[in-house]
Amino acid sequence: MYAGDAERGEALLQPLRELGELVTDFSGQMPYGDMQRLFETVIPFGQHRCYWKSRYLVGLPDDAIDLMVEGNAAPPSQNTLSSIWNFGGATARVAANATAFGDRSMPWMVSFDSIWSAAADDHANIAWSRSFWERLSPHGAGGRIYLNFPGLGEDGDDLVRRSFGDNFDRLAAIKRDYDPDNVFRFNQNIGPAAA
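For what it's worth, the numbering used here labels the leading residue of the sequence shown as 1, then goes sequentially.
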């Protein structure tokens, strides 16, 4: 996705269209909300059970790639997917204290997205993502994750603190000032700092 001038975006993305035969091409101008709903073609809202967990990676060496290939060979559900996200570039140039997101130095993230239909298959699918996540821990970036893919929050408040890093205390102070009753808490919550 390119969020900026449409003509500049078309010019920047054109070389990608010329790499070879495309499997699919979502390119074109569209409202941001429409872009956010593209995954609904693969994962229609409310029709599946999901457990998504992510891990930042300090690199992408051959043994990490081998683990990802092996882990994806036979997931419990044919709807399950994994994705590798490349960071760096403009993302990494933002200072850690400039936004809530915090440290942006990790070059990669991998997401393990179990997607299935029947409650009877919960254990197998959740175990697959958790096992995959654990096997990649030697390549992880300090136990931090992208909090949109937190599993079931089983890592608790410690994970939230690790993921926000040095920004956590500042965000808790902001929460104290703007949401002292912790009304906005239905996420990976940062509670208000003590007065």
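Note that the Cβ used here is the ideal one computed from N, Cα and C, for glycine as well. Since this is a predicted model, take the numbers as computed values, not measurements.
- For W128 and E7, the gap between their C-alpha atoms comes out near 43 Å.
- Under the three-state reduction of DSSP output, P61 falls in the coil class, being neither helix nor strand.
- DSSP assignment within the region 21-102 yields the following whole beta strand (DSSP E) runs of 3 residues or more, N-terminal first: 49-57 and 81-86.
- Contact between N86 and W52 does not hold, since their C-beta atoms are separated by about 18 Å, which reaches or exceeds 8 Å.
- DSSP places D113 in no alpha helix (DSSP H) but in the uninterrupted beta strand (DSSP E) bounded by W108 to W116.
- Scanning its chain for C-beta atoms nearer than 8 Å, with the 5 sequence neighbours on each side dropped, one finds around D169 the residues A193, in chain order.
- By the Cβ neighbour-count rule, R93 is exposed, with fewer than 16 other Cβ atoms within 10 Å of its own.
- Buried is the label assigned to D113, since at least 16 other Cβ atoms lie within 10 Å of its Cβ.
- When secondary structure is reduced to three states using DSSP, G9 falls in the helix class.
- The alpha-carbon of D62 is positioned some 32 Å away from that of A100.
- Secondary structure of P192 (DSSP, three-state): coil.
- In the structure shown, G151 adopts coil according to DSSP, grouped into three states.
- With contacts defined by Cβ atoms closer than 9 Å, W116 and N79 form a contacting pair.
- Per the Cβ contact rule, the region 157-175 is not in contact with the region 119-139 (fewer than 3 Cβ pairs under 8 Å).
- Taking every protein chain shown into account, the CB of Y2 has fewer than 16 other CB atoms within 10 angstroms, so this residue is exposed.
- In the same chain as P180, and ignoring 5 residues on each side of it, the C-beta atoms closer than 7 Å to its own belong to P192, in chain order.
- Between R55 and G153, the beta carbon gap of about 16 Å keeps them out of contact (Cβ cut-off 8 Å).
- From the listed residues R104, G102 and C50, the smallest Cα separation to L81 is found for C50.
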